[in-house]
Amino acid sequence: MLSVRNLKRLSIGPIDLDVEGGEIVALTGPSGVGKSMLLRAISDLDPNTGTLSLDGQDRDAMSAPQWRKHVMYVPAHTGWWAETVEPHFIGLDRTRVKDTLHGLNLESTALGWQVANLSTGERQRLALARALAHDPKILLLDEPTSGLDGDNAGRVETLVRAAATAGSGVVFVTHDTVQANRLSTRRVYFHDAQLHEVPQ
Amino acid sequence: MSAVYVQLGYIDLAIASVLLLMAGGVSVALNLGLEKSLGIAALRTTVQLSLIGMVLKILFALVSPWWTGFAALFMIFMAGREVTARQSLRLRDGWSYSIATTSLLTAGGIVTILALTTAIRPEPWYDPRFALPLLGMMLGNTLTGISIGMERLNTTLKREKDAIEARLVLGHTRPDAVRPFVREAMRAALMPVVNAMSAAGLISLPGMMTGQILAGVSPTEAVKYQILIMFLLAGTTSIGALIAVLATSRRLGDERDRLRLDRLQQRAPVHEPK
């Protein structure tokens, strides 16, 4: 589904990566090696070179917003552009959003909350819910459970699996080897600006 | 109206300079260390204004479209430099200067020429006695607006990077994602001229009007000129700030709807020379 060939961004690459629908790829590697930089480059948020395509369609043949809707990056710390939560979910299927919120142990009233009062964990789960509600073909998750306790991390993992079962391809960054083994269907290790497949 | 004009002699200026000496005395007495800065500033004012007085006298006598145009361009380039001189955050590779100068040239040029050919109508229309002071007033106010607008946009986009990119990753276009901050920058840019129009007459007597009254023009006539000038200033500042803010916003993005903060350059605050 997602094909990355010869991707270069600053000091990283050239990187090749394929992600199929239903796959969950764990991306591990030491801090500062450029894991976030790689995910940002795949979603075309920073200048980069390489040949990327989704379902055979070239990235350059799509507008950048169109590409990012399908290949969606969820940063570890996301931003908010309105005072309350609700405007961040405008235009999305309401039932779908509420189901996702419940799955993440958030009340439906969360939509009315003030962004300024959200805890780190709430922000992280809401950001994931926001991305999931867009039904992207590829999800690029940057440390999706870093600010969460065990229970909530488990809920996030359940939703990620559900998204993969529904046909999305997932790449997630983690520092937790146990989680990498538990959640992923495949593992890649980022080292020396290159990706290495980790044998199963 | 010429009968009431009071000419100043050099003696009058010398008397006024006694006040300056007093200020210097206070500085020495209280050990403020300002006497040198005061002296240099006073000297600069005297030399710069005397020089410009002579230049204007020559230009006014020439009434040449070429020399007037040359002086106007010189003023615009200097104004462009002023816009960027004190910005702590600006675009790399001279883009801030280029954008500022282009905005000043376009806005100042359009409005000044419009005012000269439709409202004031001197003969010839480019008569430097009208064109240059008019342009000077436009530039002085517009450069403040442009400077505030560009600085505000640069700092807000940098500060709101996460919020902007949160929209980009969801597939919003870059213009949509930065629009609120473009609006905010425009509002900030226009604030001084809106304030000036609101306060005119109540709190402040604008300098040009005061000058005309001192020169013996009837206050009601001076007021008409001042209102015209205020409208021109509002027009120039709006056009100039709009061009500058939109161009800056464009430069901070690219064709793949990215936020290009790497095109910004942080500059250590430079202290004004003492």
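Chain order of the listed sequences is A and B.
Mapping the first sequence onto the numbering used here, position 200 (from 1) lands on 200, and the numbers just tick up by one.
Mapping the second sequence onto the numbering used here, position 136 (from 1) lands on 1136, and the numbers just tick up by one.
Ideal Cβ positions, reconstructed from N, Cα and C, are used throughout, including at glycine.
Asked                                                                                                                              : Found
Best match in A:Arg182, A:Ser63, A:Leu39 for proximity to Val160 (chain A) [C-alpha to C-alpha]                                    : A:Arg182
Whole-number beta carbon distance between Gly150 (chain A) and Gly22 (chain A), since they are thought to touch under 8 Å          : Incorrect: roughly 26 Å between the Cβ atoms, too far for contact.
Segment contact, 8 Å Cβ cut-off, at least three pairs: the segment 1164 to 1173 of chain B with the segment 65 to 78 of chain A    : yes
Closer than 8 Å to chain B by CB, Trp113 (chain A)                                                                                 : no
C-beta contact flag for Gly34 (chain A) and Asn6 (chain A) at 8 Å                                                                  : no
Where Ala1166 (chain B) meets chain A, residues with beta-carbon distance less than 7 Å                                            : Thr78, Gly79, Trp80, Trp81
Span of the beta strand (DSSP E), counted from its first residue to its last, around His216 (chain A)                              : Absent from the structure is residue 216 (chain A), since the part of chain A shown begins at 1 and ends at 200.
The segment 1137 to 1150 of chain B contacting the segment 1182 to 1198 of chain B, beta-carbon criterion three pairs below 8 Å    : yes
Cutoff 8 Å: Pro65 (chain A) Cβ touching any chain B Cβ                                                                             : yes
Separation of Arg1263 (chain B) from Val1217 (chain B), as counted between CA atoms                                                : 51 Å
Residues of its chain near Leu1261 (chain B), where Cβ-Cβ distance is below 8 Å and the 5 sequence neighbours each way are ignored : Leu1157, Lys1158, Lys1161, Leu1252
Thr1112 (chain B) versus B:Leu1134, B:Arg1121, B:Ile1052, B:Ser1098, residue with shortest Cα-Cα distance                          : B:Leu1134
Any alpha helix (DSSP H) of 4 or more consecutive residues that is wholly inside the segment 107 to 178 of chain A                 : 120 to 132, 150 to 165
Close beta carbons around Gln124 (chain A), own chain, < 6 Å, minus the five adjacent residues each side                           : Gly147
As assigned by DSSP and simplified to three states, the class of Arg1263 (chain B)                                                 : helix
Residues near Ala127 (chain A) in its chain [Cβ-Cβ closer than 7 Å; skip 5 each side]                                              : Val74, Thr78
Closest residue to Met1208 (chain B) among B:Phe1130, B:Val1026, B:Asn1031, B:Arg1081 (Cα-Cα distance)                             : B:Phe1130
Endpoints, the alpha helix (DSSP H) within which Asn1141 (chain B) is located                                                      : 1128 to 1159
Contact with chain B by Leu45 (chain A), beta-carbon distance below 8 Å                                                            : yes
Cutoff 8 Å: Leu1157 (chain B) Cβ touching any chain A Cβ                                                                           : no
Pairwise C-alpha distance: Trp113 (chain A) and His102 (chain A)                                                                   : 15 Å
Complete beta strand (DSSP E) runs within the segment 10 to 93 of chain A (minimum length 3 residues, chain order)                 : 12 to 19, 24 to 28, 49 to 54, 71 to 74
Contact list for the segment 127 to 145 of chain A against chain B, Cβ threshold 8 Å                                               : Ala127, Arg130, Ala131, His134
CB contact flag (Leu1059 (chain B), Ala1042 (chain B), <8 Å)                                                                       : no
Selection from A:Phe190, A:Asn48, A:Leu118, A:Gly154 that minimises the alpha carbon distance to Glu86 (chain A)                   : A:Leu118
Length of the line joining the Cα atoms of Ser1147 (chain B) and Leu1073 (chain B)                                                 : 19 Å
Check whether Asn1154 (chain B) and Thr1248 (chain B) have beta carbons under 8 Å apart                                            : yes
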